[in-house]
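Read through the structure below, which is laid out as structure tokens, and then see the notes.
Residue numbers (the UniProt record's numbering): 1 to 222.
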């Protein structure tokens with residue numbers, strides 16, 4: 001397992017950071033982000049904020065993609081030049097030696113999402129799946145950027161009004177609850193493949209047993 005983060009001094013003060021900055025430590029951080037995002041999406045759903053839940057689901061999609069991308073370098077391929085560029089951007093500090101956000105000249109060179117998706121399609125050998133992922137990403141971008149058709153999903157009732165305090169009790173709730181189930185499921189799978197990357201077979205076996213029961217309860221298995 002990777003060593004724990006250390007409390008170190010940076011230009012702007014003290015903060016926890018990983019020392020080695022290797023691919024395994026990046027995977028751990030991405031998995032922590034998925035867990036937090038899924039819990040946040042559930043919290044929003046429970047209070048009826050389904051628009052905001054959907055916006056977070058776009059972030060969950062991309063983080064799960066990042067996990068697949070990094071794990072495949074360990075389990076299915078090797079660390080490519082694309083992985084190295086991704087990791088360089090991932091580890092780059094937001095604030096440079098100036099010590100202030102306003103004075104910082106850092107410009108994180110983010111890898112285009114389509115390059116990560118193209119890599120996953122090549123390794124998976126399944127362009128259909130990746131096309132479905134791109135379609136979902138496009139659909140959820142309306143929630144992220146506030147497209148009119150998506151915002152108007154908030155409008156309704158008697159008398160009609162914008163539901164800015166959540167949409168509990170509206171027809172939108174069931175669809176978004178069903179949708180979140182898929183994100184819990186995919187997040188669970190991310191945990192399994194991370195365990196594979198770390199060579200933790202016993203953990204993989206335990207998680208697969210839980211996944212099997214999860215699928216049974218959902219009617220996916222007999």
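Note that beta-carbon positions come from the ideal geometry of N, C-alpha and C, so glycine has one too.
Computed from a predicted structure; not experimentally measured.
If you check the CB distance, residue 82 and residue 123 do not come in under 8 Å. By the neighbour-count criterion, in which a residue is buried when 16 or more other Cβ atoms sit within 10 angstroms of its Cβ, residue 36 is exposed. One thing to note: residue 51 has its Cβ no nearer than 8 Å to the Cβ of residue 41.
Taking one beta carbon from each stretch, the region 184-198 and the region 24-39 have 3 or more pairs nearer than 8 Å; the two touch.
Within the region 96-175, no beta strand (DSSP E) run of at least 3 residues lies entirely inside it.
Under the DSSP assignment, residue 7 falls in the beta strand (DSSP E) whose first and last residues are 6-10. Short of 8 Å from the beta carbon of residue 164, and not among the five residues preceding or following it, lie these beta carbons of its own chain, in chain order: 154. Cβ neighbours of residue 60 within its own chain (closer than 6 Å, five residues either side excluded): 37 and 183.
The region 61-75 makes no contact with the region 5-13; the number of CB pairs closer than 8 Å stays below 3.
Taking C-beta atoms as the reference points, residue 47 and residue 169 fail to come closer than 8 Å.
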